[in-house]
Amino acid sequence: MRHSLFSIVRNAIGGNRGWPAQWREAAPKPEYDIVIVGAGGHGLATAYYLAREHGISNIAVLEKGWLGGGNTGRNTTIIRSNYLWEESQKLYEHALKLWETLSQELNYNVMYSPRGVMMLAHTVHDVQSAQRHIHANRLGGIDNEWITPEQAKAFCPLLNIEANIRYPILGAALQRRGGVARHDAVAWGYARGASALGVDIIQNCEVTGIDRAPSGEVTGVQTTRGAIRARRIGVVAAGHTSVLMAMAGVRMPLESYPLQALVSEPVKPIMSCVVMSNTVHAYMSQSDKGELVIGAGTDAYTSYSQTGALHISAHTLDAICELFPAVRRMRMLRNWGGIVDVTPDRSPIIGKTPVPGLYVNCGWGTGGFKATPGSGHVFAHTLATGAPHKFNAPFTLDRFRSGRLIDEAAAAAVAH
Amino acid sequence: MLLIPCPWCGPRPELEFRHAGQAHIARPADPSATSDAEWTEFLFLRSNPKGRHAERWRHASGCNRFFNCVRDTVSDTILATYKPGEAAP
Ligand SMILES: Cc1cc2nc3c(=O)[nH]c(=O)nc-3n(C[C@H](O)[C@H](O)[C@H](O)COP(=O)(O)OP(=O)(O)OC[C@H]3O[C@@H](n4cnc5c(N)ncnc54)[C@H](O)[C@@H]3O)c2cc1C
Ligand SMILES: [Zn+2]
Numbered sequence: 065m066r067h068s069l070f071s072i073v074r075n076a077i078g079g080n081r082g083w084p085a086q087w088r089e090a091a092p093k094p095e096y097d098i099v100i101v102g103a104g105g106h107g108l109a110t111a112y113y114l115a116r117e118h119g120i121s122n123i124a125v126l127e128k129g130w131l132g133g134g135n136t137g138r139n140t141t142i143i144r145s146n147y148l149w150e151e152s153q154k155l156y157e158h159a160l161k162l163w164e165t166l167s168q169e170l171n172y173n174v175m176y177s178p179r180g181v182m183m184l185a186h187t188v189h190d191v192q193s194a195q196r197h198i199h200a201n202r203l204g205g206i207d208n209e210w211i212t213p214e215q216a217k218a219f220c221p222l223l224n225i226e227a228n229i230r231y232p233i234l235g236a237a238l239q240r241r242g243g244v245a246r247h248d249a250v251a252w253g254y255a256r257g258a259s260a261l262g263v264d265i266i267q268n269c270e271v272t273g274i275d276r277a278p279s280g281e282v283t284g285v286q287t288t289r290g291a292i293r294a295r296r297i298g299v300v301a302a303g304h305t306s307v308l309m310a311m312a313g314v315r316m317p318l319e320s321y322p323l324q325a326l327v328s329e330p331v332k333p334i335m336s337c338v339v340m341s342n343t344v345h346a347y348m349s350q351s352d353k354g355e356l357v358i359g360a361g362t363d364a365y366t367s368y369s370q371t372g373a374l375h376i377s378a379h380t381l382d383a384i385c386e387l388f389p390a391v392r393r394m395r396m397l398r399n400w401g402g403i404v405d406v407t408p409d410r411s412p413i414i415g416k417t418p419v420p421g422l423y424v425n426c427g428w429g430t431g432g433f434k435a436t437p438g439s440g441h442v443f444a445h446t447l448a449t450g451a452p453h454k455f456n457a458p459f460t461l462d463r464f465r466s467g468r469l470i471d472e473a474a475a476a477a478v479a480h
Numbered sequence: 003m004l005l006i007p008c009p010w011c012g013p014r015p016e017l018e019f020r021h022a023g024q025a026h027i028a029r030p031a032d033p034s035a036t037s038d039a040e041w042t043e044f045l046f047l048r049s050n051p052k053g054r055h056a057e058r059w060r061h062a063s064g065c066n067r068f069f070n071c072v073r074d075t076v077s078d079t080i081l082a083t084y085k086p087g088e089a090a091p
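Pasting the structure below:
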């Protein structure tokens, strides 16, 4: 059913009992043209664009848990495109442009809210690095501007710009088109759209093996719900990518770390933008429900525990209390962790692997939610045509052999 | 927070330590004879296993020495710590 003013009114009159399921409950078929492993935002978006733009709908998206239950449903939803290198700018800006019309495209409200993302500078080095980013962004046609502490305070009145704090604010880089979106709605909207176009979304179906012919190419997957044949497989499994690729004998330049976030009790609107600080490691925004959404850092060690250590979030709360003294007495409601797959250059890997028929989209680490529509769009192109889209062409696995790294470590020093 | 047994100082809180990545990665002995594939393996490729994992730690706020550790990456239980040069248990 299409969502419209008419359907809302009609269902309101009917006591909201007339809404159909948003996607079909699918059982696995013996064979598909393409199997996608992982029903996070990136996997679901890939399936959606394959069906919508490439006319391939004989696709299964296999998910070991429930769709959107991985990092997609655990992240703090910051969206921005002000990355340093040209390759990254193009990829993240491609996604940002898709965000702008995504609710209309999917006929599903993903609550994309370009409320402005402000990145604080606290040291001379921060100032220089922020200004370098701003210049690089402006050359790339991406909005990013330098603002003074007073302008930052005007943009976010909650901010403490006093000179007597441990790391006083010296200025900030502001991307006004940056913002947030509703993470669950992104997964649900893509799932609904893909399902309507014929894609099978199969939950509670864990991939346990990848089958290969004697000549090397993939022939299908083993799952907890039986074997499924496919000549093309796209692995979009975030923190579990190394585990899945090992099933095909491929070693990856990835390490998986717990990354956590927390939310406060809900309060009236007090913050209308996103504020991030790499140096003191904290970032915060306010959800439409009124909770303050706070992101902490990764743990020091690799882990699949899907929970972060308490001292990591305590450290972040120290910084939050210093930057936003007004929230000091608020209580935290929940905290949780996800497992993020981090590459040596902090840029994703989207494309072919040494195994014919096996494709991978991973390495988004602490900051891939913002890329969800763009990532799905270019990965669908890659799976459909066997060749990369111009925006993911530089993001190969082979760059770790050739040395053409895309070093965004400076931009991603804080987890977002 | 982990309680990590330093082989020299005994059990200490994680805050005293720095994680130093996967253990038992040997630098190629003859760099000029090393292929691109071998460099890739040495520099970038990691096992990243779900389960038993050998990793290095440095007791930064203690004896400041490196040592190796076997940890289960699902439960984060530390199964053993041992001195550099010793074989993984
Ligand atoms: C706390 C936190 C905060 C974050 N904040 C931000 C932010 O503010 N902005 C931003 O841009 N990014 C942020 N990120 C990063 C972002 O969440 C991820 O980069 C992005 O959501 C990855 O999407 P995905 O679809 O690739 O992965 P996921 O949503 O994790 O999807 C992968 C799916 O694969 C499934 N899977 C794994 N193994 C198997 C198997 N064997 N068989 C079948 N299925 C399998 C998993 O169950 C999972 O559902 C944050 C992450 C975390 C954890
Ligand atoms: Zn010691």
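In order, the protein sequence lines correspond to chains A and B. All the letters of the first sequence, read from the start, carry residue numbers 65 to 480 under the numbering used here. All the letters of the second sequence, read from the start, carry residue numbers 3 to 91 under the numbering used here. A virtual CB, placed ideally from N, CA and C, is assigned to each residue, including glycine. Because the structure is a prediction, the values reported are computed rather than measured.
| field | Reduced DSSP secondary structure (H/G/I, E/B, other) of E157(A) | value | helix
| said: Once the 5 residues before and after N173(A) are set aside, which same chain residues still bring their CB inside 6 Å of it? | reply: S167
| field | Alpha carbon of A91(A) to alpha carbon of I266(A), nearest angstrom | value | 6 Å
| task | Give a yes or no on whether 8 Å exceeds the smallest Cβ distance from L238(A) to chain B. | result | no
| query | What residues come near ligand 2, if near means a beta carbon less than 5 Å from any of its heavy atoms? | reply | C8(B), W10(B), C11(B), H61(B), G64(B) and C65(B)
| query | Unbroken beta strand (DSSP E) runs of length 3 or more, entirely within the segment 141-216 of chain A: which are they? | reply | 181-185 and 209-211
| request: Anything in chain B within Cβ reach of V391(A), meaning under 7 Å, just list it in chain order. | output: Near V391(A) there are no residues of chain B at all, since even the closest Cβ is about 25 Å away, more than 7 Å.
| So, are the CB atoms of M175(A) and L238(A) less than 8 Å apart? | no
| request: Go ahead and label A245(A) buried or exposed: buried means 16 or more other beta carbons lie within 10 angstroms of its beta carbon, across all protein chains shown. | output: buried
| On the three-pair Cβ rule with 8 Å, is the segment 314-323 of chain A touching the segment 360-377 of chain A? | yes
| said: Going by DSSP in three states, G235(A) sits in which element: helix, strand or coil? | reply: strand
| said: When you compare the CB of V250(A) with every CB in chain B, is at least one pair closer than 8 Å? | reply: no
| message | Taking 8 Å as the threshold (beta carbon to beta carbon), is A364(A) in contact with chain B? | response | yes
| Which same chain residues, not among the five before or five after I198(A), have their C-beta less than 6 Å away from its C-beta? | N208, W210 and A237
| task | Verify the CB distance criterion: does R410(A) have a CB-CB separation below 8 Å to chain B? | result | no
| query | Using a C-beta cutoff of 8 Å, does A373(A) count as contacting chain B? | reply | yes
| message | So for T366(A), helix, strand or coil by DSSP? | response | coil
| said: Here's the rule I'm using: 16 or more other beta-carbon atoms within 10 Å means buried, otherwise exposed. How should N228(A) be labelled? | reply: exposed
| task | Check the Cβ of H21(B) against every Cβ in chain A and list those closer than 9 Å, keeping chain order. | result | D363, A364, Y365 and T366
| query | For Y254(A), which residues of its own chain have a beta-carbon under 6 Å away from its beta-carbon, when the five flanking residues on both sides are left out? | reply | L108, A109 and Y112
| said: So, for P317(A): in the same chain, excluding its five sequence neighbours on each side, which residues have a beta-carbon less than 7 Å away from its beta-carbon? | reply: T407, P408 and F464
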